[in-house]
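Residue numbers (our numbering): 4 to 267.
For every residue, glycine included, the Cβ atom is placed at its ideal position computed from N, Cα and C.
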């Protein structure tokens with residue numbers, strides 16, 4: 004068993020080194036963003052699918068249904084809002100009706116005004132503010148499964164060409180995805196809830212798995228802090244992988260330095 008190199012009172016074993024590395028990486032990336040250079044993030048393939056879905060809806064003369072999740076201002080909700088902004092711009096540009104079901108939890112109440120402003124701004128920027136309809140952002144319920152019932156009802160009544168479900172959707176996700184399939188819509192989902200990923204992958208035409216959704220949100224928002232967050236996570240993963248490989252090599256020679264260091 005690894006023996007910590009140092010002991011710090013009040014700090015759980017194995018947490019200190021990771022915390023220090025995370026702070027250093029984040030500080031470096033923030034410093035990098037203060038310059039003229041922009042942090043590069045690869046375009047996520049799911050964004051092409053979103054544009055294809057909106058284009059299909061425009062050709063068919065049917066609406067697009069896009070939701071940004073059930074929670075408050077979380078990591079996943081911010082990504083969902085960035086994707087919603089992109090979808091709203093595409094819909095405004097092509098004259099496609101956009102329906103945004105809101106609600107699902109009490110914490111979602113604070114996100115709704117932001118979503119309304121995002122959609123309204125998108126239509127204004129595209130020069131068609133008169134096409135913005137606040138009734139197309141219905142608040143369904145502050146309860147998860149009442150929200151699901153309202154969402155499914157919207158899909159059944161409007162028969163959209165495309166359904167784009169991002170942000171934090173939990174056990175309700177499969178109900179929505181299966182109904183979307185039943186009405187013949189292109190289904191694009193975000194697998195933020197790990198237990199849903201396998202099932203959503205089967206029920207969706209396209210899926211943003213794990214951190215692809217936040218990466219897509221950061222790519223679209225062009226916000227330095229969001230791009231920095233994504234880059235820090237990537238750097239930390241490479242560093243962790245390097246430590247694992249180095250630890251395995253050294254451990255084969257009876258040297259457990261890396262294990263002891265990471266146990267600090």
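Legend entry - Own chain partners of residue 118 with C-beta closer than 8 Å, once the 5 adjacent residues on each side are dropped: Mapped onto the chain shown, residue 118 falls at position 115. If you ignore the 5 residues before and after residue 118, its C-beta comes within less than 8 Å of the C-beta of 71, 84, 87, 103, 105, 140, all in its own chain and listed in chain order.
Legend entry - Cβ-Cβ separation, residue 164 to residue 60 (assumed contact under 8 Å), whole Å: The residue labelled residue 60 in the question sits at position 57 within the chain shown. The residue labelled residue 164 in the question sits at position 161 within the chain shown. Taking C-beta atoms under 8 Å as the contact rule, residue 60 and residue 164 qualify, at a distance of about 4 Å.
Inset, instruction - My understanding is that residue 261 touches residue 249, with C-beta atoms under 8 Å, so please give their C-beta distance in whole angstroms. - result: Residue numbering aside, residue 261 sits at position 258 when the chain shown is read from its first letter. Residue numbering aside, residue 249 sits at position 246 when the chain shown is read from its first letter. That pair is a contact at about 6 Å.
Inset, instruction - Output the distance between the C-alpha atoms of residue 100 and residue 148, rounded to the nearest integer angstrom. - result: For the purposes of this step, residue 100 is taken as residue 97 along the chain shown, with counting starting at 1. For the purposes of this step, residue 148 is taken as residue 145 along the chain shown, with counting starting at 1. When the Cα atoms are used, residue 100 and residue 148 turn out to be separated by approximately 25 Å.
Inset, instruction - Under the assumption that residue 194 contacts residue 212 (Cβ atoms under 8 Å), give the Cβ distance between them as a whole number of angstroms. - result: Your numbering for residue 194 matches position 191 in the chain shown. Your numbering for residue 212 matches position 209 in the chain shown. Contact between residue 194 and residue 212 holds: their C-beta atoms lie close to 5 Å from each other, under 8 Å.
Legend entry - Residue nearest to residue 219 in terms of C-alpha spacing, selected from 135, 52, 34, 74: Here residue 219 refers to the residue found at position 216 when the chain shown is read from its first residue. Closest in alpha carbon position to residue 219, among 135, 52, 34, 74, is 52.
Inset, instruction - Could you work out which residue in 137, 80, 95, 50 is closest to residue 191 when comparing CA atoms only? - result: On the chain shown, position 188 is the one that residue 191 refers to. The option with the nearest alpha carbon to residue 191 is 50.
Inset, instruction - Report the residue from 216, 180, 161 whose alpha carbon sits nearest the alpha carbon of residue 204. - result: As a first step, residue 204 is located in the chain shown; it is residue number 201 there, counting from the start. Checking every option, the nearest Cα to that of residue 204 belongs to 180.
Inset, instruction - With distances taken Cα to Cα, identify the nearest neighbour of residue 158 among 247, 111, 184. - result: Here residue 158 is taken as the residue at index 155 of the chain shown, counted from 1. Answer by Cα proximity: 184.
Inset, instruction - Consider the Cβ of residue 249: report whether some Cβ of chain D lies at a distance smaller than 9 Å. - result: Looking for chain D here will not work: only one protein chain is present.
Inset, instruction - Kindly list the residues whose CB is nearer than 8 Å to the CB of residue 254, restricted to its own chain and excluding five residues on each side of it in sequence; keep chain order. - result: If you number the chain shown from 1, residue 254 lands on position 251. Cβ neighbours of residue 254 beyond the five flanking positions: 261, 262.
Inset, instruction - List the endpoints of the continuous beta strand (DSSP E) containing residue 143. - result: The sequence position of residue 143 within the chain shown is 140, counting from 1. Boundaries of the beta strand (DSSP E) harbouring residue 143: 142-144, taken from the DSSP string.
Legend entry - Best match in 240, 257, 189 for proximity to residue 58 [C-alpha to C-alpha]: On the chain shown, residue 58 is found 55 positions in, with the first residue counted as 1. Here the closest residue by C-alpha is 189.
Inset, instruction - Could I get the ranges of all uninterrupted beta strand (DSSP E) runs contained in the segment 67-97, with 3 residues as the minimum, in chain order? - result: Complete beta strand (DSSP E) runs here, min 3: 67-70.
Legend entry - Pairwise C-alpha distance: residue 128 and residue 31: Indexing the chain shown from 1 puts residue 31 at position 28. Indexing the chain shown from 1 puts residue 128 at position 125. Cα to Cα, the separation comes out at about 35 Å.
Inset, instruction - Indicate the three-state DSSP secondary structure (helix, strand or coil) for residue 192 in the structure shown. - result: Here the question's residue 192 lines up with position 189 in the chain shown. For residue 192, the secondary structure class from DSSP, reduced to helix, strand or coil, is strand.
Legend entry - Among 120, 77, 93, 41, nearest to residue 167 - alpha-carbon criterion: Sequence index remark: in the chain shown, residue 167 carries index 164 (1-based). Nearest Cα to residue 167 within the set 120, 77, 93, 41: 93.
Legend entry - Given residue 54 as reference, the closest of 69, 113, 229, 152 once Cα atoms are compared: Start at 1 with the first residue of the chain shown, and residue 54 comes out as number 51. Here the closest residue by C-alpha is 69.
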